[in-house]
Amino acid sequence: MDVNLRTAIVVVAVAALLGFLVWGLVKKGESGLAVGEPVPAMALPTLPEGGEGSLEDHRGEWVLMNVWASWCVPCREESPALDRFEKRNRDRITVLGIDTKDLSGDALEFLREFEVEYPQLRDASGDYADAELETTGVPESFLIDPDGNLVAHYPGPFKDEAAIERFAAPALGDGDEAS
Amino acid sequence: MRRLALLLAVFASLAAPSLAGAQDAPVRASLPEVEDEVMCPVCGTLLGLSHSPAAERERVFIRRLIAQGKDKEQIKDALVAEYGGQVLALPENRGIDVWAYAVPVIGFGLGLAGVAWAVIAWRRRRPGDGGGPPAPGPSGEESDRLERDMARFDL
């Protein structure tokens, strides 16, 4: 093999390897969904099981999408406030739960324990939360406008109902800014 | 001789039912055995290496199935039904997952072929084996000097 050709192959291989490394670092450093961008939707089984649903089903409504799991202690702490918020504001905003990486029995027990009434989708593998929503953990919440665009993102648990109301202010028409 | 044959026949008749029973009985799974073949759903590690809350719930689920008498494959199937295929630490031996097993074998074969080809090429290039161009002979001046030196040393 010609020496120049061999050198060229080695240079291209090293450049490709460096390119992959840089691309990986850049991807890792990127934040999740951007405000103003459409929030991806994915057809998921409903919880309790028996149907299928998606964020798309709520197009035309304000949505507070809450990603949770029954094994997550902060999710348990947040849940009562989220329930109270939903019951008081269900005419203005839809709360949509996304149960992720969870056992179905545990998730159902959670819903019974906290008397959760709002719709739930089951993301058993975590594909939706990880790859589409790019969550970094649970709980995480997303405020989505009637056109399906992200208005605000809240990583971590809401401290209380007031914190949820501040986050969802654009949907409630209170004039406050979402955090 | 007849006695020995009779003894063997009696032993065989006694042993046969217990051996057959051992083959029919389902192999009872153990937690460590399953833990080594499935993943923690949130940690990205083997279940056996994780003590996160999610991993603990997965263990409870596995223990419950073991108590119900399920074998390892049934437990793994149940975990896939709960969490999806990513919960398996090893790819399944079907569909596109077969490539996970085939690629290393193919790679090893190609590597072996490459090494063999390189060795053959290297042997062909070795001087004196007929491969490659012949080495140039000594120049006239060098030949004269060689002759002189050989005469001087009485060789």
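Top to bottom, those sequences are chains P and A. Be aware that the first sequence starts at 38, since it is given in the numbering used here, and climbs by one per residue. Be aware that the second sequence starts at 125, since it is given in the numbering used here, and climbs by one per residue. Glycine included, C-beta positions come from ideal geometry on N, C-alpha and C.
Within 10 angstroms of the beta-carbon of Y225/A lie fewer than 16 other beta-carbons, which makes it exposed. Out of A208/P, L84/P, K196/P, L58/P, the CA that lies nearest to the CA of G185/P is found in A208/P. In the three-state reduction of the DSSP assignment, P85/P falls in the coil class, being assigned neither a helical nor a strand state.
In terms of Cα proximity to P215/A, the closest of R152/A, M163/A, M274/A, D268/A is M163/A. The beta carbon of F277/A does not come within 8 angstroms of any beta carbon belonging to chain P, so the residue lies off that interface. Contacts with chain P at 8 angstroms (Cβ-Cβ) include G208/A. In the structure shown, the three-state DSSP call for T44/P is helix. Closer than 9 angstroms at the C-beta level to chain A, one finds these residues of the segment 109-133 of chain P: C109, V110. The secondary-structure analysis by DSSP pairs F179/P across a beta bridge with M102/P, H190/P. Using a CB distance cut-off of 8 angstroms, A106/P counts as an interface residue toward chain A.
For F185/A, at least one C-beta of chain P is nearer than 8 angstroms to its own C-beta. Under the three-state reduction of DSSP, D160/P is assigned to strand.
Within chain A, R181 have C-beta atoms less than 8 angstroms from the C-beta of D143/P, given in sequence order. Looking at the DSSP output, P75/P sits in a beta bridge with N186/P. Judged by their CB atoms, G208/A and A161/P are nearer to each other than the 8 angstroms cut-off. In this structure, the straight-line span from the alpha carbon of G73/P to that of A200/P is close to 21 angstroms. Under the 8 angstroms criterion on CB atoms, V239/A is classed as non-interfacial with respect to chain P. Chain A places a beta carbon closer than 8 angstroms to that of L140/P, counting this residue as a contact. Counting only residues of its own chain and dropping the five nearest sequence neighbours on each side, Q210/A has no CB closer than 6 angstroms to any other CB. The Cβ atoms of A179/A and L171/A sit closer than 8 angstroms to each other. When C-beta distances to chain A are compared with 9 angstroms, every residue of the segment 41-53 of chain P stays at or above that value. When Cβ-Cβ separations below 8 angstroms define contact, S91/P makes no contact with chain A. As for any alpha helix (DSSP H) of minimum length 4 sitting wholly inside the segment 130-174 of chain P, the runs are 141-150, ordered along the chain. The beta-carbon separation of A71/P and L187/P, rounded to 7 angstroms, stays under the 8 angstroms limit for a contact. Distances from the CA of E197/A to each of P165/A, V158/A, V227/A were compared; the closest alpha carbon is that of V158/A. N103/P has its alpha-carbon roughly 11 angstroms from the corresponding atom of T172/P. Contact of P177/A with chain P is assigned, a C-beta pair being separated by under 8 angstroms. The beta-carbon of A80/P is placed no less than 8 angstroms from the nearest beta-carbon of chain A. For A161/P, the chain A residues whose Cβ falls inside 8 angstroms of its Cβ are E206, Y207, G208, in order along the chain. With a threshold of 8 angstroms between beta carbons, V166/A makes contact with chain P. When P183/P, S178/P, A206/P, A205/P are compared, the shortest CA-CA separation from G193/P is found for S178/P. Less than 8 angstroms divides the Cβ of L101/P from the Cβ of I130/P.
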